[in-house]
Each structure stands twice: as structure tokens, then as C-alpha cells.
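Asks: In this note's numbering, the protein residues as written are -14 to 381. The C-beta atom is built at its ideal place from N, Cα and C for all residues, glycine as well. One structure is given below, represented as C-alpha cells, and several questions about it will come after.
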């Protein structure tokens, strides 16, 4: 269909989730999507490293630059206008405002009369604090965001804490659309059918082993030291539970030291897991734990609940705020509070019957949410609004 509208989505780097979303949007056939990337990224994903059904474009770095990635202020790209405007797109969606080029694209689209939306996972709970540094940062951000709010036609935000964030910084409610991150739910279904014994055998565990699972970068923002301490404090290791942690990062050695005598016995570090392996581990866990100190969204929350696995998450997690209902799909604990984490951990899995009951209701809670907030359906509706705002549109 040669006359289909062309929609540009500018992303920071190729990621499994985004690439799959582009292919799913393309399969609808209503628009022609183009994926543009600010950098090639670390290339972690072997599965679907770039979208398969849409055109992909990488913005050219300036000649002579070192290998550092784009950032908030640096002029990193050679000439993004020469890379993007020959694509003749009718509307654009730009991921975030953290990169200079992304802010320039938003501003330039607005100036040229091209409808533009910005997607972000910004979360109101990241704005906590009363120190003068925090207040100064908020004041600077208010000025920056005021300009962006004026330039965009829509603000796509990943969760309702994001709605509160944009309202706090002055965005009108009419511009804000809740549009969660995409997760590959077809693969979640495949993971649920993967034989449990095969998944656990790959990590040296018996088919009937009970385990908690976390997949996260091993960095301070994820609060992984909290769950390691809480797991050690609880009665779970003595009752045969295991804690499996997948991910890589600079804190790996210190977290392993913290695990102490439980390392390799009850606490297991799995390293980086490809998406299908990660989803299989999520699907068969008794509980997924996300103990983050800072977590704008958390895609793993809806992946876990889609698999029927309850979630224990900190109260700063945007996806958990929307999806985790205590007693039905898991529990929330006070971020940074290891005593509260330990209490909630034992409440959820201390009684195997309670844990099994939560598995039965977690999927239903996810389906209720997904019926309203499927990111593919939300994106299509948002694109319709963008196209309707074009000069000369019959819907304008």
C-alpha cells in the first residue's frame, strides 16, 4: 500500500523489546513504520537484533569521535537531518529527552509542522528529596521540560506515575497518553509451555525446586543488595528455596561476597540471559522480585504477570504501581527498607499455598490491565491522533 502514512520512531539503540514491537506494528498494515537509532548499542541480543519487517536507519556519528555514546549535551551525530528527512515521514515518535539529538528532532519537527510525540518512562517518584541540589535540578528540569511540552503533540508515558510526573511539570492532561513498554507476549506464552524440568536442569536445579527470580543489571539502582540480605534473613534458604539472579554489571563481585556461604548453594548468579531463556525462568518462578531503588518502569513486571508469576517489587517501580495488587498479583514493599522486604517476602512465599494462590490470580490481573493498555493498540490510537493533527488533515 503505497499511500500508507509513514511513521518514524527514533530510539536510542536496538533492543529486543523495541524491535519486536516494530515488527508487530508493521504486521497491522495500517502504517509504514521506520525505526531510527541513535547508536548501535552493545549488541547484547542475539534474538531479533534489529526489526525484521521495517526499515532501520542508524544516525551517523560525527567523524573522528571516540566510541562514547550520545548523551545529554554532546553534539554526537554528523547530520541527523540528512539521515532522517529523506525518509519523508508523516509523523514521528521520539524516545526520551536525554539525548541532545532527540530534543533537536522534537524541536525541528514542531517547527516544520510534522506531528511529533515523545515516549518516556519518567516517574514522579524519581523527584523525591528536599536538598538544595535536588530543588535546583527540579528547577532546571522544569524549564527544559516546559519547552518540550510545548513542542510535542503527545506525551506517551509508560505508567501512571509517569502521568503524575508530566502533570507535576506542567503538561496538560489532554497531551498525556499511558503507553507501556512492549513485551513479547507470544514468547511469554511459549515460555509457559517450556518444560520446567528442562529450564531448571540448565542451572543445576531439580524439577521440583522452588525459587525466586530477578533479572536486572547488577547496578546500585536495582537494590539487589536488599533482596540478598532479605533472602538470607528469611527462613527460605533453610526450607530449600533458591534465589536466582540473572544479569551482569559492576556490582557482581560485591554482591557475590554479600551472598557469603549461600553463594552457589541457595543463591545463584546466572549471568546475562537471552530473552527466551529469561522468560522461561520468569514463567516457572514462584516469585519475581524487583527490589529497585530507582525503576522508572520495569518491563519484567508485566512479563512476569503475563506468565502467571506474582511479583514482589519496591514502591518506586512504575509498572508495579499499575499492575501489582497486594494479595492478588504480589506485594509492594517500601523502597530501601530491607525489613519490610523481608516481611513481604515471607508473606508471599512463606506459605506455599499462598504462593500458589497468587499464581492463579496473577494472570487474571494482567489480562485485566492488558485489555486496556496493550502497547500495540495504544500506539496505533496515538498515531491516529498524531496524523489527525497534520495541517490539512480531514480529522484536524
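DSSP beta-bridge partners for residue 78?
Replies: -6 and 102.
Asks: Between residue 106 and residue 147, how many whole angstroms is the CB-CB distance? I'm expecting something under 8 Å.
Replies: Their Cβ separation, rounded to whole angstroms, is 6 Å, which keeps residue 106 and residue 147 in contact under 8 Å.
Asks: Rounding to the nearest angstrom, what Cα-Cα distance links residue 263 and residue 281 in this structure?
Replies: Spanning the two alpha carbons is a distance of roughly 21 Å.
Asks: Bridge partners for residue 43 per DSSP, in chain order?
Replies: Bridge partners of residue 43: 22.
Asks: Can the beta-carbon of residue 78 be found closer than 9 Å to that of residue 190?
Replies: No, they are not a contact pair.
Asks: In the DSSP assignment, what residue or residues form a beta bridge with residue 311?
Replies: Bridge partners of residue 311: 315.
Asks: So the candidates are 62, 13 and 11; which of them puts its Cα closest to the Cα of residue 22?
Replies: Measuring from the Cα of residue 22, the nearest candidate turns out to be 62.
Asks: Let's test the definition: count the other Cβ atoms within 10 Å of the Cβ of residue 58 and tell me whether it reaches 16, buried, or not, exposed.
Replies: Classification for residue 58: exposed.
Asks: Between the alpha carbons of residue 45 and residue 80, how many angstroms are there, rounded?
Replies: Near 18 Å, if we compare the C-alpha coordinates of residue 80 and residue 45.
Asks: Taking the straight line between their C-alpha atoms, what separation do you get for residue -11 and residue 38?
Replies: Between residue -11 and residue 38, the C-alpha separation is close to 15 Å.
Asks: Going by the DSSP bridge assignment, what does residue 196 pair with across the sheet?
Replies: DSSP output for residue 196 lists 227 as bridge partner(s).
Asks: Quick one: any contact between the region 172 to 186 and the region 140 to 154, if contact means 3 or more CB pairs under 8 Å?
Replies: Short answer: they don't touch.
Asks: Going by DSSP in three states, residue 220 sits in which element: helix, strand or coil?
Replies: Of the three classes helix, strand and coil, the one that applies to residue 220 here is coil, per DSSP.
Asks: Per the contact definition of three or more C-beta pairs closer than 8 Å, is the region 238 to 255 in contact with the region 207 to 217?
Replies: Touching, yes, given that three or more Cβ pairs across the two stretches are closer than 8 Å.
Asks: Helix, strand or coil: which one does DSSP assign to residue 298?
Replies: The answer is strand: DSSP assigns residue 298 an E or B state.
Asks: Under three-state DSSP, which class holds residue 17?
Replies: Note: residue 17 maps to strand in three-state DSSP.
Asks: Provide the residue span of the alpha helix (DSSP H) that contains residue 252, from first to last.
Replies: Unbroken run through residue 252 is the beta strand (DSSP E), 252 to 256; no alpha helix (DSSP H).
Asks: May I ask you to verify whether the region 218 to 232 touches the region 288 to 304, counting CB pairs closer than 8 Å and requiring at least 3?
Replies: The answer is no - the region 288 to 304 does not touch the region 218 to 232, with fewer than three Cβ pairs under 8 Å.
Asks: List the residues that DSSP assigns as beta-bridge partners of residue 392.
Replies: No answer is possible for residue 392: it lies beyond the span of the chain, which begins at -14 and ends at 381.
Asks: Considering just the uninterrupted stretch of the alpha helix (DSSP H) at residue 285, what are its terminal residues?
Replies: Segment 284 to 291, the alpha helix (DSSP H) holding residue 285.
Asks: Any contact between the region 154 to 165 and the region 349 to 362? By contact I mean 3 or more CB pairs, one from each, below 8 Å.
Replies: With the cut-off at 8 Å, the region 154 to 165 and the region 349 to 362 touch.
Asks: Where does the unbroken beta strand (DSSP E) through residue 368 begin, and where does it stop?
Replies: Run containing residue 368: none in the beta strand (DSSP E); it sits in the alpha helix (DSSP H), 360 to 373.
Asks: Based on the DSSP output, what are the partners of residue 274 in its beta bridges?
Replies: 297, per the DSSP bridge assignment.
Asks: Count the other CB atoms, across all protein chains shown, that sit within 10 Å of the CB of residue 341; report buried if there are 16 or more and exposed otherwise.
Replies: Exposed.
Asks: Give the secondary structure of residue 248 by DSSP, where H, G and I count as helix, E and B as strand, and everything else as coil.
Replies: Strand, per DSSP.
Asks: Between which residues of its own chain and residue 325 is the CB-CB distance below 7 Å, once the five residues before and five after are set aside?
Replies: These residues qualify, in order along the chain: 318 and 319.
Asks: Looking only at C-alpha atoms, which of 339, 302 and 288 sits nearest to residue 351?
Replies: The option with the nearest alpha carbon to residue 351 is 288.
Asks: Judging by CA-CA distance, which residue of 160, 42, 273 and 334 is the nearest neighbour of residue 135?
Replies: Of 160, 42, 273 and 334, the residue nearest in Cα terms is 160.
Asks: What does DSSP give as the partner residue(s) for residue 62 in the beta ladder?
Replies: BP columns for residue 62 point to 46.
Asks: Between the beta-carbon of residue 344 and the beta-carbon of residue 291, is there less than 9 Å?
Replies: Their beta carbons are not under 9 Å apart, which means residue 344 does not touch residue 291 by this criterion.
Asks: Excluding the 5 residues flanking residue 11 on each side, which residues of the same chain have their C-beta closer than 6 Å to its C-beta?
Replies: So the qualifying residues of the chain are 18, 38 and 39.
Asks: Figure out for me which residue from 123, 5 and 85 has the closest Cα to the Cα of residue 109.
Replies: Residue 109 has its Cα closest to that of 123, out of 123, 5 and 85.
Asks: When the Cβ atoms of the region 326 to 335 are set against those of the region 365 to 373, are three or more pairs found closer than 8 Å?
Replies: Counting Cβ pairs under 8 Å, fewer than three are found: no touch.
Asks: Quick one: grab the DSSP three-state call for residue 351.
Replies: Residue state, collapsed to three classes: helix.
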